[in-house]
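J.: Reading the sequence shown from the start, the letters are residues 76 to 679 in this note's numbering.
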Amino acid sequence: MKRSVLSPARISLVCIGLIGLVGAFGTAPANAILQVGRNVPPATGYITGVVRSDKGVEAGVWVIAETKDLLTNFTKIVVTDDQGRFMLPELPNANYSVWVRGFGLVDSPKIQMKPGTSSVTLKANPAKTPQEAAQVYPGNYWLSLMQPPAPNLFPGTGAQGNGVGAGMLTQNHWINSLKSGCNFCHQLGNRLTRTLDDVYKVEPDIKASFDAWDRRLHGGVRGDAMYSTLNTMGHDASLKVFADWTDRIAKGEVPPAPERPKGVERNVVVTLWDVGDDHSFMHDEISTDKNHPTLNAGGPVYAVSAGHGQLVVLDPKENSTYAVDIPTRAERESVPSRFPKPVMASLHWGNEHLWGNPPYNPADPHNPMLDSKGRVWTTSKIRPNQDPAWCNDSSNKYSDWYPLRTSGRQASFYDPKTQKWNLIDTCFSTHHLQFDNDPNETVYFNELSGPIIGWVDTKIYDQVYGQTKDEIKAEQAAVGWNVLRQGRGTVENVLYQGDTAGGARGARGTAEAAGSVDPKLDTMVSYNLYSVIPSPVDTAVWGVSEEFPGYLVRMERGNDAPMSCKTLVFKIPEPGFDPRGVDVDGNGVVWTALAASSHLASFD
């Protein structure tokens, strides 16, 4: 029996039992942010009516209103009720293109109208064929048609064997690589990925879909990374899967029809603002602090553009947007971009070095969060990768314990009131950040490339910076990090797996010793973390590791960090794999999204 990559059926499974293993816009004018949302009355316009087709009223279909008349492109989407009625609320005064999309329909013509009190009737058009209807199905429904290599081909035997990568031990390993290495950035199954039209347009000499997929996966600034993932999964076997998928779709195969929204699903109102430009790399956004959820109510939404090194600000009241450059401490030209030049031309951008330095700012922000003061904290790059001396000498207890030599991204924060940035050298590489609810409002960071949880004590930082106005003194007083470790060793009996090249306590141990675990010594827990979250009910800090099948990692700093750090590890049980985001609720239950197996998992 063949297994699809993702069943289109609605999944209600929640994994709760885990196996425990102990072990084109410029920067802002000077006063711009102070004017955001000031004295702007809420939008009160609306468009109401009913959707009908030749079959009668159409329930559970989307009504979409779009306009380019405002300072940002603006879209509002609602769903019709069981009588086909709809109401598009809170519309700013503008001219709108209004149209209907729904499962079983083809998109209706766009009708021009303005908000008003008169009811309108929108004409829906039923699809004439299954292929016509399927054009608006979600990408994951189309992805469900993809057939991964058969289970009997695992474990893979490599390029000289069956073409499946030798690291693909099971079919789930292959699916995990597809989801975490491809779907991680791309909506597999959207129109662009389920066809090869863009390849054939640029490369008309390519005739075979196998070759077209090979070309597609090698182009652009991420081409090398995509091709590396392809080779890890198994070059030939994987290309055959992709080619078979798009070939069958080209011949008319369609996925099963999704259900239309029903019940409370029809209550959702979606408002969209188009910010950035056509090659922004918008990564994350934030609008409040979950520990202080009334903070910034009705205020701006802050997003980060990794490719342009900017904080992008949306005012949802004025429907306006602007960007603020994130500074670097080192001269910009000395700070490398993490985006390499394309080895092979992009199908869409040619040989343009998107997000390269120059011309783009290399600050590379990844994740923003708000603190209780309304300051916007980000993980961003402030310098070249080489760490300063205090990160790897005995002048600091953390560097004495576990010296660090390089880091690819550090931290910064922006105060909207003063419109000023502070830059913080963390020594460790940063990825995501989350604030604790402790009195010092500690902000924690995961290091994607190492088994480290780091932090900045914001109370200490503010005190030292307030007294000295010296970022370097403030960061050295406030920054700390723990290496994830198990065992009962003392300060003088430390074993770490691997040499940190620091020559201090963290570098002790030999290659021979690293091969086994001595219960009398401390042992490094080598799980790199994708995300991090401090518990709101105790002193634990949790992280998740994507190492297959995935692990929850619980860290306690203790009373004398870093020496007092302790770590527990919990393995994700079958059938789940690939945890990404993580959070802890008010009862101390840990929740994580299993991105590759499509589950929501909780651990009590």
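Where a beta carbon is used, it is the ideal one built from N, C-alpha and C, also for glycine.
These numbers come from a predicted model, not from an experiment.
How is W666 classed by DSSP in three states: helix, strand or coil?
T.: Strand at W666.
J.: At which residues does the alpha helix (DSSP H) containing K34 begin and terminate?
T.: In this structure the chain extends from 76 to 679, so residue 34 is not present and cannot be described.
J.: Assuming contact is defined by CB atoms lying nearer than 7 Å, are S474 and P437 in contact in what I supplied?
T.: No; because the gap between Cβ atoms is not below 7 Å, this pair is not in contact.
J.: Along the chain, where does the beta strand (DSSP E) containing N247 start, and where does it finish?
T.: Per DSSP, N247 belongs to no beta strand (DSSP E); it is in the alpha helix (DSSP H), 246-253.
J.: Helix, strand or coil: which one does DSSP assign to Y121?
T.: Looking at Y121 - three-state DSSP - the assignment turns out to be strand.
J.: Helix, strand or coil for T533, going by three-state DSSP, please let me know.
T.: If DSSP states are grouped into helix, strand and coil, T533 belongs with the helices.
J.: With DSSP run on the structure shown, which of helix, strand or coil describes K448?
T.: In this structure, K448 counts as coil in the three-state DSSP scheme.
J.: Using the beta-carbon count (16 or more within 10 Å), is G236 buried or exposed?
T.: Exposed, by the Cβ-count rule.
J.: Can you pull the DSSP bridge partners for S194?
T.: Answer by DSSP bridge pairing, in chain order: T123.
J.: Going by the beta-carbon positions, is the gap between E621 and D653 smaller than 7 Å?
T.: Yes, Cβ-Cβ distance for E621 and D653 is below 7 Å.
J.: Can you give me the C-alpha to C-alpha distance between P440 and S455, rounded to a whole angstrom?
T.: Each residue's alpha carbon lies about 4 Å from the other.
J.: Alpha carbon to alpha carbon, how far is F285 from A325?
T.: Distance between the alpha carbons of F285 and A325 is about 14 Å.
J.: Using 10 angstroms around the beta-carbon of I108, count the other beta-carbons present and answer buried if the total reaches 16, otherwise exposed.
T.: Here I108 scores only 38 on pLDDT, less than 50, and its place in the model should not be relied on; the value that follows carries that caveat. Buried is the call here.
J.: Could you have a look at S620 and say whether DSSP puts it in helix, strand or coil?
T.: Three-state DSSP puts S620 in a strand.
J.: Starting from the N-terminal side, write out each stretch of the beta strand (DSSP E) that is 3 residues or longer and does not extend beyond the segment 483-511.
T.: Qualifying beta strand (DSSP E) stretches, in chain order: 485-490, 495-499, 508-510.
J.: Quick check on D679: does DSSP put it in helix, strand or coil?
T.: D679 falls in the coil class under three-state DSSP.
J.: Would A209 and V175 be called neighbours here (beta carbons separated by less than 7 Å)?
T.: Contact flag unset, no.
J.: Helix, strand or coil: how does DSSP classify F229 here?
T.: The answer is coil: DSSP assigns F229 none of H, G, I, E or B.
J.: Which one or two residues does DSSP pair with T150 in a beta bridge?
T.: T150 pairs with E141, L347.
J.: Exposed or buried, what is T667 when buried is set at 16 or more other beta-carbons lying within 10 Å of its beta-carbon?
T.: The residue in question, T667, is buried, as its Cβ has 16 or more Cβ neighbours within 10 Å.
J.: Report the rounded CA-to-CA distance for G191 versus Y519, giving the unit in angstroms.
T.: Distance between the alpha carbons of G191 and Y519 is about 49 Å.
J.: Using only the alpha-carbon positions, how far apart do G651 and S601 sit?
T.: Approximately 21 Å between the Cα atoms of the pair.
J.: So is the beta-carbon of A169 under 6 Å away from any non-hydrogen atom of the ligand FMN?
T.: With respect to small molecules bound, the structure shown includes none, and the ligand FMN cannot be examined in it.
J.: So does the segment 597-614 actually touch the segment 499-518, counting three or more Cβ pairs closer than 8 Å?
T.: Judged by Cβ distances under 8 Å, the segment 597-614 makes contact with the segment 499-518, as three or more pairs qualify.
J.: Can the beta-carbon of V239 be found closer than 7 Å to that of A312?
T.: Contact flag set, yes.
J.: Within this structure, are the beta carbons of P167 and L146 separated by less than 7 Å?
T.: Contact: no.
J.: Tell me whether M243 sits in a helix, a strand or coil according to DSSP, three-state version.
T.: The answer is coil: DSSP assigns M243 none of H, G, I, E or B.
J.: Check whether the segment 404-418 touches the segment 456-471, counting contact only when three or more Cβ pairs, one atom from each stretch, lie closer than 8 Å.
T.: The segment 404-418, when compared against the segment 456-471, does touch it at the 8 Å Cβ threshold.
J.: Could you check how far apart the C-beta atoms of T307 and S219 are, in whole angstroms? I think they sit under 8 Å.
T.: In fact, because the Cβ distance is near 23 Å, the residues do not count as touching under 8 Å.
J.: Per DSSP, which one or two residues make a beta bridge with W430?
T.: W430 is not bridged to any residue.
J.: Looking only at DSSP bridge pairs, what is T321 linked to?
T.: Looking at the DSSP assignment, T321 forms no beta bridge with any residue, so it has no partner.
J.: Starting from the C-beta of P184, find all residues in its chain whose C-beta is less than 6 Å away, skip the five residues before and the five after it, and write them out in chain order.
T.: Nothing meets the Cβ criterion.
J.: Taking the beta strand (DSSP E) that K646 falls in, what are its first and last residues?
T.: First-last of the beta strand (DSSP E) with K646: 641-646.
J.: Is it buried or exposed for Q385, if we count other Cβ within 10 angstroms and need 16 for buried?
T.: Q385 is buried by the Cβ-count criterion.
J.: Can you tell which of T245, Q222, P213 has its C-alpha closest to the C-alpha of L228?
T.: With distances taken between Cα atoms, L228 lies closest to T245.
J.: Assign A381 to buried or exposed, taking buried as 16 or more other Cβ atoms, counted over all protein chains shown, within 10 Å of its Cβ.
T.: Answer is buried; the Cβ neighbour count reaches 16.
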